[in-house]
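Following: one structure in structure tokens, then a few remarks.
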Amino acid sequence: MSSNPQFHGLFPGFSVPMEALPSILAGSSILFISIFSITTGNPAWTVFRIAIAPIAIYFFWDYGYGQHLTEANQVAIGMAFIALYFIMRVMETTFDEFLDHKPPLWVCNGKELPLPKTVAARALYSFDLLTSLRGNSWFENTHWNWASKEVVNPPSSTLSRSRYAKQALISCVLQYIVIDILDTINRSRTWDLANPHPITSLPVSEQIIFSISLCALTALGITFPYAIMSGLAVALGSPPANWPPMFDSPFSATSLANFWGKRWHLIFRRVFSRLTTGILRILSISPPTSPYKRKFNRAVLAFVLSACVHIVLMYRLHRENPQYPNIFFDPSILKFFLSQPLGLAIEAFLIIPFSRTLLPEKSRTMVTRVWAWIFMVWSGRFWSDAWVHGGLWGERERGAGFSVVRGVLHGQWAT
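Residue numbers (full-length UniProt numbering): 1 to 415.
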């Protein structure tokens, strides 16, 4: 599908090949049917969901990994991201009774509702659950019983529609400026895609700059389109409470555990939590008695699962770019994700005890906050290697689309 290349960076969805759309529609329809079967409340329908799951997985895989030519790597990685997310949704929906003692339920005005009975209500239930990433709902004063408190009581719930829309507009402008600045920094050099370590082979000062840049752009790549979508939805009548922030001020996290546990986005949290539960049950591993050990074990498994997902995600790019060998287990991805449990352990057993023993209470949070930043910048270099090596800062990518910064500095308004 031909499209304006200026949309690739900020709106990669506009450049999805038309021939890929039937696959995502077919996969979503089958997942909708699978969710609809949950509303029967009959565990016998698990057999039906198991039977149709491979068909849904096939269509989602074809959407993300089929032979569909894309006009930018950003488009390809976006399609793969959606495909893998929904494949995991198929898996956790198929074995719903095995993973939870009760099905997902609506909570309306603080009251948990039973499974709907009518066909129309069951269809609305299925669509709402299909499109819910974090437990929020399309319906007013409603959320899912698995939603976190950040989603249930968002700051936006106290705002009027007009104020929310204005704030979303201002946020879009400010985010665009930051994206433009960071994109200009990233384009200050031509990246050698044949180099498997394009970031960690640089001087330390430059490694820090590009690591921070990628971390910020990763967040902005989610929050910018979300601000546009949520602002338009609220302006058209959707309740502001239905659009909680995607992040909870991640760059002001008070610790590494706080960053990953509460501040970062919740898109994958439910599927990772349910799949790790299933893995632990299959392996018949009983949970430790210590609450911290339980959390740490689940965190380790979640990061291992996340590493696997991101390896498959980046393979979408490795498969079609001729600039470098066709690899699968990218060591840089493993270094980033598998180092996070190490960072959490160091924080729990060294950093926090040290700060509590030697420092006054007011200084403790500063120590853990600095530790979180140092560790994320250090480990972020590895993910930056994988990102740049995957061609996501290559010449055919479009970052800001229309660049005010490069226009003023170099006369290059369109990128």
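Ideal Cβ positions, reconstructed from N, Cα and C, are used throughout, including at glycine.
Here the structure is a predicted model, which means the values were calculated and not measured.
Cβ neighbour criterion (16 or more within 10 Å) applied to residue i
{"i": "ARG406", "result": "buried"}
{"i": "ALA194", "result": "exposed"}
{"i": "TRP413", "result": "exposed"}
{"i": "VAL408", "result": "exposed"}
{"i": "GLN175", "result": "buried"}
{"i": "GLY221", "result": "buried"}
{"i": "LEU358", "result": "exposed"}
{"i": "ALA51", "result": "exposed"}
{"i": "SER284", "result": "exposed"}
{"i": "GLU206", "result": "exposed"}
{"i": "ASN4", "result": "For ASN4, the predicted structure reports a pLDDT of 48, less than 50, and the residue's modelled location is therefore unreliable. The matter cannot be settled from this model."}
{"i": "residue 424", "result": "Only positions 1 to 415 of the chain appear in the structure, and residue 424 is not among them; the question remains open."}
{"i": "ALA56", "result": "buried"}
Whether residue i touches residue j by CB criterion (7 Å)
{"i": "residue 448", "j": "ALA168", "result": "Any property of residue 448 remains undetermined from this structure, which presents the chain solely from 1 to 415."}
{"i": "ASN145", "j": "GLU97", "result": "no"}
{"i": "SER126", "j": "PHE32", "result": "yes"}
{"i": "PHE382", "j": "PRO341", "result": "no"}
{"i": "ALA83", "j": "TYR58", "result": "no"}
{"i": "GLY391", "j": "LEU334", "result": "no"}
{"i": "THR276", "j": "LEU301", "result": "yes"}
{"i": "SER171", "j": "ALA219", "result": "no"}
{"i": "SER156", "j": "TYR164", "result": "yes"}
{"i": "ASP180", "j": "SER23", "result": "no"}
{"i": "THR254", "j": "ARG369", "result": "yes"}
{"i": "PHE337", "j": "SER306", "result": "yes"}
{"i": "PHE86", "j": "PHE48", "result": "no"}
{"i": "HIS410", "j": "PRO198", "result": "no"}
{"i": "LEU130", "j": "PRO104", "result": "no"}
Rounded Cβ spacing between residue i and residue j (contact assumed at less than 8 Å)
{"i": "GLU70", "j": "PRO17", "result": "One detail in the question is off: residue 70 reads as Thr in this sequence, not Glu. The Cβ separation is near 6 Å, so the contact holds."}
{"i": "SER339", "j": "SER211", "result": "Contact doesn't hold; Cβ gap of about 13 Å is too wide."}
{"i": "THR393", "j": "ASN242", "result": "Note that residue 393 corresponds to Trp in the displayed sequence, not to Thr. Wrong, their Cβ atoms sit about 35 Å apart, outside the cutoff."}
{"i": "LEU217", "j": "LEU182", "result": "5 Å"}
{"i": "ALA53", "j": "TYR65", "result": "The pair is not a contact, with the Cβ atoms about 17 Å apart (cut-off 8 Å)."}
{"i": "ARG274", "j": "LEU99", "result": "5 Å"}
Residue nearest to residue i in terms of C-alpha spacing, selected from the options
{"i": "VAL152", "options": "PRO245, ASP330, THR218, ILE55", "result": "PRO245"}
{"i": "PRO250", "options": "LEU313, HIS265, GLY237", "result": "HIS265"}
{"i": "MET123", "options": "SER34, LEU174, PHE48, PHE86", "result": "The identity of residue 123 in the sequence shown is Ala, whereas the question assumes Met. Ranking the options by Cα distance to ALA123, first place goes to SER34."}
{"i": "VAL377", "options": "ARG294, PHE268, ALA53, LEU214", "result": "LEU214"}
{"i": "LEU21", "options": "ALA51, GLN67, ILE52, THR46", "result": "GLN67"}
{"i": "GLY343", "options": "GLU206, GLU361, SER363, ALA299", "result": "ALA299"}
{"i": "LYS295", "options": "HIS310, ILE311, TRP260", "result": "TRP260"}
{"i": "CYS308", "options": "PRO331, PRO291, SER363", "result": "PRO331"}
{"i": "ARG270", "options": "VAL204, THR223, SER132, TRP106", "result": "SER132"}
{"i": "LEU280", "options": "PHE268, LEU105, ASN297, LYS293", "result": "ASN297"}
{"i": "TRP387", "options": "HIS310, ALA345, ALA348, TRP373", "result": "HIS310"}
{"i": "SER252", "options": "SER15, THR118, TRP371, ALA345", "result": "TRP371"}
{"i": "ASN258", "options": "ALA348, LYS117, LYS166, GLU397", "result": "ALA348"}
{"i": "PHE224", "options": "GLU19, LYS117, PHE247", "result": "PHE247"}
{"i": "GLY237", "options": "GLU140, LYS102, GLU361", "result": "GLU140"}
**At least three beta-carbon pairs within less than 8 Å, the region 70-81 to the region 33-46** = no
**Message:** Would the region 20-35 count as touching the region 89-101 if we require 3 or more Cβ pairs under 8 Å?
**Reply:** yes
**Message:** Can you confirm whether the region 99-114 touches the region 197-210 when touching is taken to mean that 3 or more C-beta pairs between the two stretches lie within less than 8 Å?
**Reply:** no
**Asked** Is there contact between the region 349-359 and the region 232-251, where contact requires at least three CB pairs shorter than 8 Å?
**Response** No: fewer than three Cβ pairs fall under 8 Å.
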